[in-house]
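So the structure is just underneath, and the comments pick up after that.
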Amino acid sequence: METIQTVSSMKKTVAEWKSEGLSVGLVPTMGFLHEGHMSLIRQAVSDNDRVVVSVFVNPMQFGENEDFGRYPRDLDRDSAMCAKEGADVIFSPPASEMYPSGFCGYVDLAAMTDGLCGAKRPGHFRGVCTVVMKLLNIAGPDRAYFGQKDAQQLAVVKRMAEDFNMDVEIVGMPIVREADGLAMSSRNSYLSGEERAAALSINRALAEAAKLCGGGCRDVRHIKNRIKAVLSGEPLLRVDYIEVAGMDTMLPLDMLDGRALCAVAVYAGKTRLIDNVVLEA
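Using my numbering, the final residue of the sequence shown is 293, and nothing's skipped along the way.
Pasting the structure below:
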């Protein structure tokens, strides 16, 4: 497996693949890979002739007081994991390669990024959309793979590809969880033992929401209050947001009618965790 660090080399490699009629899959990541990422890579390997895994901690999507500096990084470990799953290339450029001197462009999607994580992390989705647009242009994939854990990101990227008439299929993949139900995340490595135990309430709260919906509840306020009650039972947790939104629009709902996203962001100590469940009304 090859590691590529420059845009020109990555584009050259993909052009050679395309000249041979080979299909290309892209799995965009920020590294410190876990089983959730591996599920994306395995699907990409199954679907495509060649697979690129990007490993890039994108400074543009981190806020001023967020964890860019301490975000976990281990490229050697990531490379070994990617090679084992059959990826062909890791694209791991330095920030100066992605954002050279004089860089001043960005991609922004209105409305869909105003709520949920977009409301709590100003500028975050501008950074996400910009880097994903760049990665799609550089790697030229037929398919790109994203996890449902970052549900708003998945919806926004799908919309971006549609709005800009991009010739790529955006493939969403299910959330991968630990055996105890905690959604897999690179940030789980920040958690102390007590914080991790408390964080299990997040999945329990979402399960309560799904149970209410399955029992016929359509009142979003009632569902959100139930989630809040479960999370409030853990003193180490602090709710950032609880929201129910349309799956495609990411706009908040008052009543359920069809499929909806029930999403939460919760601080366990200083670590911000997100999770979600799809409600079927």
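Every residue, glycine too, gets a C-beta built ideally from N, C-alpha and C.
Check whether residue i and residue j have beta carbons under 9 Å apart
i	j	result
Val290	Ala277	no
Trp29	Asp59	no
Gly75	Gly135	yes
Asn77	Met42	no
Ala211	Ala280	yes
Pro230	Leu268	Pro is not the amino acid found at residue 230; the sequence shown has Arg there. Yes; because the gap between Cβ atoms is below 9 Å, this pair is in contact.
Tyr83	Phe115	no
Val19	Met72	no
Ala241	Gly270	no
Cβ shell of residue i (< 7 Å), same chain only, five flanking positions each side left out
i	result
Thr125	Phe137 and Val168
Met262	Met124, Gly127, Leu128, Gln164 and Ala167
Ser265	For the sequence presented, residue 265 should be read as Leu rather than Ser. Val232, Val256, Ala257, Gly258 and Ala272.
Lys23	Ile150
Glu190	Met196
Lys146	Met110
Leu34	Asp61 and Arg62
Leu87	Gly43, Val67 and Ser104
Ile254	Lys236, Ile239, Lys240 and Val276
Arg85	Gly43, Phe44 and Val69
Asp252	Lys132, Ala277, Val278, Tyr279 and Arg284
Inter-residue Cα distance where the pair is residue i and residue j
i	j	result
Lys132	Arg284	11 Å
Leu224	Val101	45 Å
Ala151	Ala275	31 Å
Tyr118	Pro112	13 Å
Gly227	Glu220	10 Å
Glu79	Asn177	Checking the displayed sequence, the identity of residue 79 turns out to be Asp instead of Glu. Straight-line Cα distance between these residues: approximately 33 Å.
Val26	Val36	8 Å
Ser213	Ser244	9 Å
His234	Met185	29 Å
Ser91	Asn200	20 Å
Leu203	Arg250	14 Å
Met93	Ile16	16 Å
Glu246	Ser51	31 Å
Glu32	Asp192	45 Å
Lys96	Leu194	25 Å
Ser21	Gly81	27 Å
Gly130	Ala209	27 Å
Ser198	Gly139	19 Å
Pro153	Gly205	40 Å
Asp260	Arg89	35 Å
Residue i - partner residues in DSSP beta bridges
i	result
Gly184	Phe158
Tyr253	Ala277
Val290	Leu273
Met267	Asp231
Gly193	Per DSSP, none; premise fails for Gly193.
Ile16	Phe103
Leu285	Val278
Sequence-distant residues of its chain with Cβ nearer than 6 Å to residue i (five each side left out)
i	result
Met196	His46, Glu47, Gly48 and Val188
Ile286	Ala277
Val64	Leu38, Val101, Phe103 and Ala151
Glu207	Leu248, Ala280 and Gly281
Val183	Arg155 and Tyr157
Glu181	Arg155
Spatial neighbours of residue i in its chain, beta-carbon cut-off 8 Å, leaving aside the 5 residues before and after
i	result
Ala99	Met13, Val39, Ile53, Ala56, Val57, Val63, Val64 and Val65
Asn288	Gln160, Lys161, Ala163, Ile187, Leu218, Leu273, Cys274, Ala275 and Val276
Leu121	Phe137, Cys141, Val168, Arg171, Met172 and Asp175
Arg238	Ala217, Glu220, Ala221 and Leu224
Leu148	Leu38, Ala156, Ala173, Met178 and Val180
Contact with chain D by residue i, beta-carbon distance below 9 Å
i	result
Gln165	You won't find chain D in this structure, because it holds only one protein chain.
For a minimum of 3 consecutive residues, which ranges assigned as the beta strand (DSSP E) are wholly contained in the stretch 40-102? With a minimum length of 3 residues, the unbroken runs of beta strand (DSSP E) contained wholly in the stretch 40-102 fall at 62-67.
Contained alpha helix (DSSP H) runs [length at least 4] in the stretch 227-253, N- to C-terminal order: Counting whole runs of 4 or more residues, the stretch 227-253 contains the alpha helix (DSSP H) stretches 232-244.
In chain order, each alpha helix (DSSP H) run of at least 4 residues that lies wholly inside the stretch 109-156: Unbroken alpha helix (DSSP H) stretches of 4 residues or longer found wholly inside the stretch 109-156: 128-132 and 136-151, given in chain order.
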